[in-house]
Amino acid sequence: MQNESLVNFARKHHIEGLTAPSLTALSEGEMGYSINKAKRLIKFQRRIDRELLKHRVITDNPYTTWFEQGDQSLLQIKAFIIQFSVFSNQFLIAQLNKMIHADTLECMRASKEILANEIGVRFRSARSTTDGDHLGSTDGSIEGGVFHFSAGHFEWLYHITQKLDLSFAEIGQPKHGTRATLFFCDELIRLYGGEDYQASQAASYAVENWAAAGFWGQLIRGIRRFNDRNGLELPLGFFIWHDQLESRHAEHTQEELEELYFTLELDEDRFIRLGNEMLDGVAAFWDGLDEQRRELAAVH
Ligand SMILES: [Fe+2]
0 MQNESLVNFA RKHHIEGLTA PSLTALSEGE MGYSINKAKR LIKFQRRIDR
50 ELLKHRVITD NPYTTWFEQG DQSLLQIKAF IIQFSVFSNQ FLIAQLNKMI
100 HADTLECMRA SKEILANEIG VRFRSARSTT DGDHLGSTDG SIEGGVFHFS
150 AGHFEWLYHI TQKLDLSFAE IGQPKHGTRA TLFFCDELIR LYGGEDYQAS
200 QAASYAVENW AAAGFWGQLI RGIRRFNDRN GLELPLGFFI WHDQLESRHA
250 EHTQEELEEL YFTLELDEDR FIRLGNEMLD GVAAFWDGLD EQRRELAAVH
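Numbering-wise, numbering that gives the first Met the number 0 puts 139 at position 140 of the sequence shown, and it's gapless, one number per residue.
Encoded structure:
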């Protein structure tokens, strides 16, 4: 169906606001898709907007607001990178569990894409004819993609730590994480990577909305300023790549939620509750960083 007829279809049935794939499925009478359910979904979306997406970690993150100014001391930036490196490694465990707990081949592959890319398989993009820059494309598939050690996201973080005189052994491992960082990682493993499908979908939706909320941009601006002020050249690749990935991802997050809603009976209260639990975990991570940077401000 053409875009214009989809708009008319939505208007006629008072279901404006749904994404094009949902409207197409509705107009074609696909299994599970009904106008009634579409109307319920629109109501549920309003609830999500009010009761989940207004979580403080999405609307107001004091740490990233501070970070963006670029006034960090060397100690503070080191502490930040160390905690991020712990999270980056623990995320692999959460993602591997998510892959194992997938209940369809399609879901397993979707999770595997993220995992394989994370450890170093570049995406092959239909859009770009070359391999892109040295970081690789942020879209496409790992199918037929090439593995490079240097394309592992952890190695991008390691590049930063090398410029900060931190050794490999000082980053990445759980023993370097603060209580707050480890709590966040455990919540990711429990909810995002858990075996309860609805919980993991709620956590995914929450995490993706958090990731699209703009904190990558704040971190990039903060490191740029930090570099300018200190005459350093901390490489920004890790942050720029993730920022680009998220801007692509945001388009899909909403479509995924709608598909989920139509294809199974979602427990709405539970979705909101578990999404909030995940975001509480995320908030604990940033709160921990904020507390740590205050402590470090007192150290000279
Ligand atoms: Fe990553």
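Think of the CB as a built atom: it goes at the ideal place given N, C-alpha and C, for glycine as much as any other residue.
Owing to the predicted nature of the structure, the values given are computational and were not obtained by experimental measurement.
> In terms of alpha-carbon separation, which member of His13, Pro234, Arg220, Ala78 lies closest to Glu290?
Replying inline: Translated into positions along the sequence shown, residue 290 becomes position 291. Measuring from the Cα of Glu290, the nearest candidate turns out to be Ala78.
> Quick one, are the C-beta atoms of Gly193 and Asn88 less than 8 Å apart?
Replying inline: On the sequence shown, position 194 is the one that residue 193 refers to. On the sequence shown, position 89 is the one that residue 88 refers to. No; because the gap between Cβ atoms is not below 8 Å, this pair is not in contact.
>> Considering only heavy atoms of ligand 1, does any lie closer than 7 Å to the CB of Glu117?
In response: As a first step, residue 117 is located in the sequence shown; it is residue number 118 there, counting from the start. Indeed, a heavy atom of ligand 1 lies less than 7 Å from the Cβ.
>> On the DSSP letters alone, give me the boundaries of the alpha helix (DSSP H) that Phe270 sits inside.
In response: The residue given as residue 270 occupies position 271 in the sequence shown. That run of the alpha helix (DSSP H) goes 267 to 296.
> Alpha carbon to alpha carbon, how far is Ile81 from Glu169?
Replying inline: As a first step, residue 81 is located in the sequence shown; it is residue number 82 there, counting from the start. As a first step, residue 169 is located in the sequence shown; it is residue number 170 there, counting from the start. Our two residues, Ile81 and Glu169, have alpha carbons roughly 8 Å apart in a direct line.
> What is the DSSP secondary structure of Arg10, reduced to helix, strand or coil?
Replying inline: Here residue 10 corresponds to residue number 11 of the sequence shown, with the count starting at 1. Looking at Arg10 - three-state DSSP - the assignment turns out to be helix.
>> Short of 7 Å in beta carbon distance, which residues of its chain neighbour Ala300, apart from the five on each side in sequence? Order them along the chain.
In response: Since the first and last residues shown for the chain are 0 and 299, residue 300 lies out of range.
>> With DSSP as the reference, identify every bridge partner of Phe122, one or two as the case may be.
In response: Reading the sequence shown from its first residue, position 123 is the one you call residue 122. According to DSSP, which records beta bridges pairwise, Phe122 is partnered with Ser136.
> Are the Cβ atoms of Glu207 and His241 separated by less than 8 Å?
Replying inline: What you label residue 207 is simply residue 208 of the sequence shown in a count that begins at 1. What you label residue 241 is simply residue 242 of the sequence shown in a count that begins at 1. In terms of Cβ geometry, Glu207 and His241 do not form a close pair [threshold 8 Å].
> Which residues mark the beginning and the end of the alpha helix (DSSP H) in which Gly216 is found?
Replying inline: For the purposes of this step, residue 216 is taken as the residue at position 217 of the sequence shown. In the DSSP assignment, Gly216 falls within the alpha helix (DSSP H) that extends over 214 to 229.
> Where does Ile57 land, buried or exposed, given buried means 16+ other C-beta within 10 angstroms?
Replying inline: Translated into positions along the sequence shown, residue 57 becomes position 58. Ile57 should be labelled buried.
>> Measuring only the C-alpha atoms, how far is Gly301 from Leu156?
In response: Because residue 301 is not part of the residues shown, which for the chain are 0 to 299, the question remains open.
> In or out: Asp286 buried (at least 16 other Cβ within 10 Å) or exposed?
Replying inline: For the purposes of this step, residue 286 is identified with residue 287 of the sequence shown, where counting begins at 1. Result: buried.
> Which same chain residues, not among the five before or five after Leu295, have their C-beta less than 8 Å away from its C-beta?
Replying inline: Position 296 of the sequence shown, counted from the start, is the residue given in the question as residue 295. Apart from sequence neighbours up to five positions away, the residues of its chain that approach Leu295 with a beta-carbon distance below 8 Å are Ser72, Leu74, Gln75, Ala78, ordered along the chain.
>> Let me check one thing: in DSSP terms, what residues is Phe182 bridge-paired to?
In response: As a first step, residue 182 is located in the sequence shown; it is residue number 183 there, counting from the start. Beta-bridge pairing links Phe182 to no other residue.
> Alpha carbon to alpha carbon, what distance is there between Trp215 and Thr129?
Replying inline: For the purposes of this step, residue 129 is identified with residue 130 of the sequence shown, where counting begins at 1. For the purposes of this step, residue 215 is identified with residue 216 of the sequence shown, where counting begins at 1. Confidence in Thr129 is poor, its pLDDT being 44 and thus under 50, which makes the residue's placement unreliable; the coordinate value appears in the next sentence. Looking at the two C-alpha atoms, the distance is approximately 25 Å.
>> Taking the alpha-carbon of Arg178 as reference, which of Arg223, Arg39, Phe284 has the nearest alpha-carbon?
In response: To locate residue 178, count along the sequence shown from 1; it is residue 179. It is Phe284 whose Cα lies nearest to the Cα of Arg178.
>> Considering only the alpha carbon of each residue, which of Leu40, Glu250, His152, Asn226 lies closest to Glu117?
In response: In the sequence shown, the residue the question calls residue 117 occupies position 118. When only C-alpha atoms are compared, the closest one is His152.
>> Counting C-beta neighbours from all protein chains within 10 Å, is the total for Thr137 16 or more, i.e. buried, or is it exposed?
In response: Counting from 1 along the sequence shown, the entry for residue 137 is found at position 138. With 16 or more Cβ atoms within 10 Å of its Cβ, Thr137 is classed as buried.
>> So, for Ser301: in the same chain, excluding its five sequence neighbours on each side, which residues have a beta-carbon less than 6 Å away from its beta-carbon?
In response: Since the displayed the chain opens at 0 and closes at 299, residue 301 lies outside it and no answer follows.
> Across which residues does DSSP place Phe146 in a beta bridge pair?
Replying inline: Numbered from its first residue, the sequence shown carries residue 146 at position 147. For Phe146, which the question treats as bridged, DSSP gives the partners Val120.
>> Within 10 Å of its beta-carbon, does Ile99 have 16 or more other beta-carbons around it, so buried, or fewer, so exposed?
In response: As a first step, residue 99 is located in the sequence shown; it is residue number 100 there, counting from the start. That one is exposed.
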